[in-house]
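Per numbering that gives the first Met the number 0, the sequence shown starts with residue 0, numbered consecutively.
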Amino acid sequence: MECDICCEDFDKEERIPKIVPCGHTVCLHCLEESNENACPTCHKAFSSVPASLLTNLTVLRLVEREGDVRVPRGWCSDCRAAATRRCWDEHDVHNTKAALRQYLRPGVLQEAAAELQGLQRQCEREEVLLALLSAESWSLNLRSGRGRELTGTVRNTEDPLVKALWLVVTARAGLAEAGGELRRRQQIAHERVRAAPLVAPIIIKTENLPVDDQEDPFGASCRAAPPAGDEGRLPAAAAEPPADGCRPPSAAAAGAEVPADLQEMSVFWTSTSNSLELKMVALREATGVERLVSVQCHADPAWSLQLLQNAAATVERLSVASPHEAHLREVVAMPRLRRLAVSSHDDALFAHPPVLPALPPGHRGLPWLRVHEQLPFATLRSLLQAQRDTLEELQLVLAPVKVTNLQLLLQQCGLRALRRLVLWRVVAKLHDQRACGAELQKVRAAAPGTEVLCSKCDAVPWEDV
């Protein structure tokens with residue numbers, strides 16, 4: 000029998016089967032290696048020392064009985080498959096890790112990464128070429144090194160000379176699309192959506208967003224964002240308010256202010272099935288953006304990571320949903336980031352909870368952060384510890400079922416600059432005012448000098464990123 004976490008066999012020494020208070024059985028090694036006192040299976044916290052937990056004697060007896068008959072794991076070089084009892088007697092059998100090192104020759108991963116980068120650059124060139132060949136007309140601005148400038152319009156025809164010109168321009172000039180082309184393609188995408196309303200496209204806005212177009216704090220699972228109408232307004236059928244509890248009060252009602260001159264982009268929803276051409280446009284438009292909201296990382300992880308990388312140098316306000324480890328590491332390294340919202344709606348991070356590094360040199364740190372409690376404890380703690388010297392306001396969106404020891408979290412993070420802590424209650428029906436008051440007192444004791452509020456008890460207005 001084996002541990003469900005590390006997939007190693009239970010034994011009487013290092014991997015003793017221990018019964019966690021929640022009822023799961025986990026080996027002692029996994030419990031001691033964990034950075035938090037919580038069950039690795041269901042993430043329910045406990046206070047006991049792992050070594051003092053009860054031993055599952057039933058499992059231990061079964062392990063002893065299997066000891067004489069169980070065939071050890073191995074890889075048969077002759078059969079090129081998992082070793083059987085006969086393989087151990089007659090063939091050349093290796094330990095699984097040794098066999099993997101033998102077949103994975105040195106440098107193969109680095110070579111694969113280099114090939115993927117080359118393939119990505121090739122795809123980008125082909126996308127630009129496709130856009131050039133399919134456009135109705137193009138305006139050209141030619142500038143010389145002496146300040147002279149020539150301007151003209153070239154219409155797309157079947158003339159092979161024009162197509163050859165586009166080939167040369169694509170290969171030599173390294174073209175990048177501008178915002179006008181983005182808006183034209185966005186309008187085409189919206190027209191396609193109206194013709195086939197069951198297809199949910201990627202929706203991108205680079206103009207100044209109305210305050211009602213705020214990010215959804217509880218995930219895209221609440222509702223799919225409908226396409227904008229001809230005048231930038233939602234269609235009548237899509238303008239109905241969402242179900243109660245899906246979103247908090249609007250930013251307009253809360254009096255939240257967003258600078259009018261902020262360069263913005265809002266990506267309400269995307270998936271791997273969305274238009275590749277439109278995604279490429281979005282990646283180019285992300286450069287220079289200062290406010291980027293509603294990035295759904297889990298829908299298309301590779302594309303959303305590249306989007307964050309393109310915006311990293313300038314973005315100051317950001318909201319991401321269901322990020323993977325690579326997304327989080329990219330986010331915490333953004334040098335100008337001042338306001339961040341992180342939500343999590345899947346268990347992708349719990350397999351190997353990432354521990355985020357300290358802020359890199361030159362990073363100003365976050366003064367404002369809203370984060371979901373459903374992040375793994377180790378990840379949430381490392382995120383807060385990285386901002387301990389700058390974080391002034393923390394908005395913690397609590398899960399329907401309590402999973403985090405808030406007092407322990409605050410004590411371990413040492414948030415020196417924290418002045419305001421807001422506990423957001425997602426489900427109003429589960430809010431007990433008396434129990435909430437007792438919890439607030441404990442949190443205030445763990446964070447002296449900090450204003451601790453409950454979103455329900457204190458009627459805290461929702462803030463946009």
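For each residue, glycine too, the CB sits at the ideal point set by N, CA and C.
Indicate the three-state DSSP secondary structure (helix, strand or coil) for residue i in the structure shown.
{"i": "residue 295", "result": "strand"}
{"i": "residue 453", "result": "strand"}
{"i": "residue 91", "result": "coil"}
{"i": "residue 435", "result": "helix"}
{"i": "residue 320", "result": "strand"}
{"i": "residue 48", "result": "coil"}
{"i": "residue 392", "result": "strand"}
{"i": "residue 302", "result": "helix"}
{"i": "residue 12", "result": "coil"}
{"i": "residue 37", "result": "strand"}
{"i": "residue 1", "result": "strand"}
{"i": "residue 348", "result": "coil"}
{"i": "residue 64", "result": "helix"}
{"i": "residue 85", "result": "helix"}
{"i": "residue 419", "result": "strand"}
{"i": "residue 328", "result": "helix"}
{"i": "residue 441", "result": "helix"}
{"i": "residue 404", "result": "coil"}
{"i": "residue 380", "result": "helix"}
{"i": "residue 460", "result": "coil"}
{"i": "residue 315", "result": "coil"}
{"i": "residue 6", "result": "coil"}
{"i": "residue 256", "result": "Unreliable positioning characterises residue 256 in this predicted model, as indicated by a pLDDT of 43, which lies under 50. The coordinate reading is nonetheless provided below. Coil, per DSSP."}
{"i": "residue 59", "result": "helix"}
{"i": "residue 359", "result": "coil"}
{"i": "residue 185", "result": "The pLDDT assigned to residue 185 is 45, lower than 50, so where the model puts this residue is not dependable; a value taken from the coordinates is nonetheless given after this. Here residue 185 sits in helix by DSSP."}
{"i": "residue 161", "result": "helix"}
{"i": "residue 386", "result": "coil"}
{"i": "residue 354", "result": "coil"}
{"i": "residue 114", "result": "helix"}
{"i": "residue 310", "result": "helix"}
{"i": "residue 279", "result": "helix"}
{"i": "residue 414", "result": "coil"}
{"i": "residue 446", "result": "coil"}
Between residue i and residue j, which are expected to be in contact by the criterion C-beta below 8 Å, what is the C-beta distance as a whole number of angstroms?
{"i": "residue 342", "j": "residue 297", "result": "Contact flag wrong, Cβ pair sits at about 11 Å."}
{"i": "residue 369", "j": "residue 389", "result": "With 8 Å as the limit, residue 369 and residue 389 do not qualify as a contact, their Cβ atoms being about 15 Å apart."}
{"i": "residue 55", "j": "residue 24", "result": "5 Å"}
{"i": "residue 317", "j": "residue 464", "result": "7 Å"}
{"i": "residue 377", "j": "residue 352", "result": "4 Å"}
Taking residue i as the reference, give the member of the options with the closest Cα.
{"i": "residue 319", "options": "438, 286, 363, 374", "result": "374"}
{"i": "residue 93", "options": "161, 294, 80, 75", "result": "75"}
{"i": "residue 548", "options": "337, 385, 361", "result": "Given a span of 0 to 464 for the chain in the structure shown, any question on residue 548 remains unanswerable."}
{"i": "residue 358", "options": "347, 382, 351", "result": "382"}
{"i": "residue 27", "options": "2, 464, 323, 56", "result": "2"}
{"i": "residue 19", "options": "293, 81, 30", "result": "30"}
{"i": "residue 15", "options": "123, 344, 63, 391", "result": "63"}
{"i": "residue 125", "options": "275, 12, 73, 160", "result": "275"}
{"i": "residue 414", "options": "439, 366, 293, 441", "result": "366"}
{"i": "residue 457", "options": "33, 347, 429, 420", "result": "420"}
{"i": "residue 315", "options": "326, 330, 337", "result": "337"}
{"i": "residue 391", "options": "39, 263, 45, 449", "result": "449"}
{"i": "residue 361", "options": "380, 331, 349", "result": "331"}
{"i": "residue 41", "options": "60, 288, 4", "result": "4"}
{"i": "residue 465", "options": "10, 119, 22", "result": "Because the chain here runs from 0 to 464, residue 465 falls outside it and cannot be looked at."}
Per the DSSP calculation, residue i is bridged to which residue(s)?
{"i": "residue 264", "result": "291"}
{"i": "residue 343", "result": "According to DSSP, which records beta bridges pairwise, residue 343 is partnered with nothing at all."}
{"i": "residue 18", "result": "24, 53"}
{"i": "residue 121", "result": "Beta-bridge pairing links residue 121 to no other residue."}
{"i": "residue 373", "result": "Answer is none; residue 373 lacks a bridge partner."}
{"i": "residue 80", "result": "75"}
{"i": "residue 424", "result": "397"}
{"i": "residue 368", "result": "339, 393"}
Kindly examine the ligand ATP and report whether one of its heavy atoms sits closer than 8 Å to the Cβ of residue i.
{"i": "residue 149", "result": "The ligand ATP is not part of the structure shown, which contains no ligands of any sort."}
Problem - Segment contact flag, the segment 405-425 with the segment 444-464, C-beta cutoff 8 Å, min 3 pairs - result: Proximity of the segment 405-425 to the segment 444-464 meets the contact definition, three or more beta-carbon pairs being nearer than 8 Å.
Practice task
State whether the segment 309-317 contacts the segment 274-289, with contact taken as three or more CB pairs (one from each stretch) at a distance under 8 Å.
Solution key: Contact holds between the segment 309-317 and the segment 274-289, because three or more Cβ pairs, one in each stretch, are under 8 Å apart.
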